[in-house]
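*Asks:* Numbering (the working numbering), first residue to last: 20 to 120.
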């Protein structure tokens, strides 16, 4: 630095400058940067936790939907025995009607 300047607590001071103000500005800027870093880390941690929770809930929802589909399939398979005895396509032709009469 130029002659007549002083390095004090990490800040270069000129002879006519108010050193306290410059030191405070530097200290507050460093403090602000550290706070922003910690907030960004907290935000990242929160986003990671929310994403994990979302994936857990999605897996649980998929599991519930799958079990619901299985229950509906079982119910539909056992609910209409007359459809099982009918020919393929669900049509009854005249021969099967004549035999049943």
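C-beta atoms are modelled at their ideal positions from N, C-alpha and C, and glycine is treated no differently.
1. Can you tell me the Cα-Cα spacing of residue 66 and residue 72, whole angstroms?
2. Taking the straight line between their C-alpha atoms, what separation do you get for residue 97 and residue 89?
3. Going by other Cβ atoms of all chains shown within 10 Å of its Cβ, with 16 needed for buried, is residue 20 buried or exposed?
*Replies:* By the coordinates alone:
1. 10 Å
2. 12 Å
3. At residue 20 the pLDDT is 44, less than 50, meaning the model places this residue with poor confidence; the figure from the coordinates comes in the next sentence. Residue 20 should be labelled exposed.
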